[in-house]
Structures are given as C-alpha cells and as structure tokens.
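Residue numbers (my numbering): 17 to 200. We put the CB at the ideal spot given by N, CA and C, even for glycine. Before any comments, here is the structure.
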Amino acid sequence: MTDDPIADLLTRIAAQDRAAFRTLYRDTAPKLMGVLLRMLKRRSEAEDVMQEVYTRIWLKAGRFDRTRGRGMTWVIAVARNLAIDRLRARPATEASDGEEVDLVADTRPRAEARLVAQGDARVIAECFGKLEPARAHALRGAYLDGLSYADLASHHDVPLNTMRTWLRRGLQALRACITGEATA
Numbered sequence: 017m018t019d020d021p022i023a024d025l026l027t028r029i030a031a032q033d034r035a036a037f038r039t040l041y042r043d044t045a046p047k048l049m050g051v052l053l054r055m056l057k058r059r060s061e062a063e064d065v066m067q068e069v070y071t072r073i074w075l076k077a078g079r080f081d082r083t084r085g086r087g088m089t090w091v092i093a094v095a096r097n098l099a100i101d102r103l104r105a106r107p108a109t110e111a112s113d114g115e116e117v118d119l120v121a122d123t124r125p126r127a128e129a130r131l132v133a134q135g136d137a138r139v140i141a142e143c144f145g146k147l148e149p150a151r152a153h154a155l156r157g158a159y160l161d162g163l164s165y166a167d168l169a170s171h172h173d174v175p176l177n178t179m180r181t182w183l184r185r186g187l188q189a190l191r192a193c194i195t196g197e198a199t200a
C-alpha cells in the first residue's frame with residue numbers, strides 16, 4: 017500500500033475488483049457529491065452525474081496514471097468534467113421547473129468535515145494560503161465552481177493565456193506544497 021489509498025483502489029478497480037469499487041464509493045462519494053452540488057446547484061442533476069462518474073470510473077480506471085497525480089485528484093477531475101459537460105448541455109435560459117426544493121441545504125456531515133477530521137483540509141487550506149490571493153481565487157473558481165478559463169480571465173482582467181498560466185502554475189504550487197516537494 018502507498019500513501020495514496022485512492023490510487024491503490026483505482027489500480028484494483030482497473031482489474032475489475034468489485035470490493036475496491038465499493039470502498040472507493042464509500043470513501044469518495046461525499047466529497048464528489050459536494051463538488052457536483054456546488055457546480056450544478058441541483059441535487060437531482062448532481063445525483064445523475066454522480067452515477068455517470070462512478071460508471072466512468074469503473075470503465076476507465078485503467079487510464080489512471082499515479083505518476084501524473086493523486087487518485088482523488090483524478091476522481092474529482094472525472095466528476096468535474098462530467099459536471100461541466102452537463103452545464104454546457106443546459107439551455108441558455110431555463111424556466112424554473114420546481115427544483116427549488118433540491119436547493120435546500122443538506123444537513124448530513126459534509127465531505128469537508130471528513131477531510132478536516134483526517135487533516136487534509138488543513139493542509140490544503142495552508143497551501144492555498146501560500147498562493148497569491150488572485151491566483152487562489154482563480155483556482156477555486158476553475159476547479160470548485162466550474163468557471164471557464166474565459167470567465168476567469170474576464171473576471172480577473174487578464175489575457176486568456178495568462179489565466180491558463182496562473183492555473184497551471186497554481187496547481188503545480190499546490191501539488192508541491194501538499195506533497196512537501198521543493199518548488200523550482
């Protein structure tokens with residue numbers, strides 16, 4: 017086993033290990049639901065995408081490459097990409113269809129509460145605190161709120177390629193901080 021239990025589970029899932037898949041679901045579902053709800057704003061839509069996420073993970077786990085990042089990062093990227101696809105498929109103007117009830121706050125313990133208990137949230141928050149505030153804000157917008165590069169560039173009044181550079185370097189800095197690597 018390594019210090020990346022999600023990566024270990026993904027390796028086992030690539031070999032069609034159903035027990036590993038159940039464990040992955042148990043360990044990641046609260047976090048992924050939080051990400052999807054934050055991006056999609058609708059519980060029913062988040063639940064639909066969540067099912068797609070785990071189907072995709074089961075089918076594509078063999079594509080995970082632990083040399084390119086942590087397992088949870090890959091799992092969140094799968095969820096984020098499917099949520100963005102869902103957002104892009106929405107009509108430009110949508111009439112209210114009674115889904116306001118889906119926006120009622122969920123009172124169950126959130127994924128963030130579990131991460132705090134494990135100490136991961138503290139480390140991530142400390143690492144975000146080391147970033148320049150505008151770049152930290154851009155990273156949160158891109159990866160937690162699902163904003164496009166163009167939206168972020170416009171919001172921060174910088175060229176699109178500058179925003180891409182901010183995000184790439186910000187992710188590199190976060191990874192180095194979280195893993196304890198020295199930055200170049």
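Among the options, the one whose alpha carbon lies nearest that of residue i
| i | options | result |
| --- | --- | --- |
| ALA154 | THR178, ALA166, ALA189, LEU183 | LEU183 |
| ARG104 | GLU148, SER164, ARG82, GLU142 | SER164 |
| ARG106 | PHE37, LYS57, MET49 | LYS57 |
| GLU68 | VAL94, GLN188, ARG138 | VAL94 |
| THR178 | ARG191, ARG151, GLN188 | ARG151 |
| ARG71 | ALA30, LEU190, MET55 | Per the sequence shown, the amino acid found at residue 71 is Thr instead of Arg. The candidate whose alpha carbon is nearest that of THR71 is ALA30. |
| ARG34 | ILE73, VAL174, ASP81, ARG54 | ILE73 |
| GLY145 | ASP19, ALA189, MET66 | ALA189 |
Exposed unless 16 or more other CB atoms sit within 10 angstroms - verdict on residue i
| i | result |
| --- | --- |
| LEU25 | buried |
| LEU75 | exposed |
| LYS47 | buried |
| THR44 | buried |
| ARG42 | exposed |
Proximity of residue i and residue j at Cβ, strictly below 9 Å
| i | j | result |
| --- | --- | --- |
| ALA99 | GLY162 | yes |
| GLY196 | LEU147 | no |
| ARG96 | VAL139 | no |
| ALA23 | ARG86 | yes |
| ALA77 | THR39 | no |
For residue j and residue i, the rounded distance between their alpha carbons
| i | j | result |
| --- | --- | --- |
| ALA62 | CYS193 | 31 Å |
| MET49 | PHE37 | 17 Å |
| ASP81 | SER170 | 33 Å |
| LEU176 | TYR159 | 16 Å |
| VAL91 | THR181 | 23 Å |
| PRO149 | GLN32 | 43 Å |
| ARG84 | PRO21 | 15 Å |
| MET55 | ASP64 | 13 Å |
| ARG191 | MET88 | 13 Å |
| VAL174 | SER60 | 36 Å |
| HIS172 | LEU53 | 25 Å |
| CYS143 | ARG102 | 30 Å |
| ALA166 | ASP19 | 36 Å |
Below-9 Å beta-carbon distance, residue i vs any chain C residue
| i | result |
| --- | --- |
| GLY78 | The question asks about chain C, but that chain is absent: this structure has only one protein chain. |
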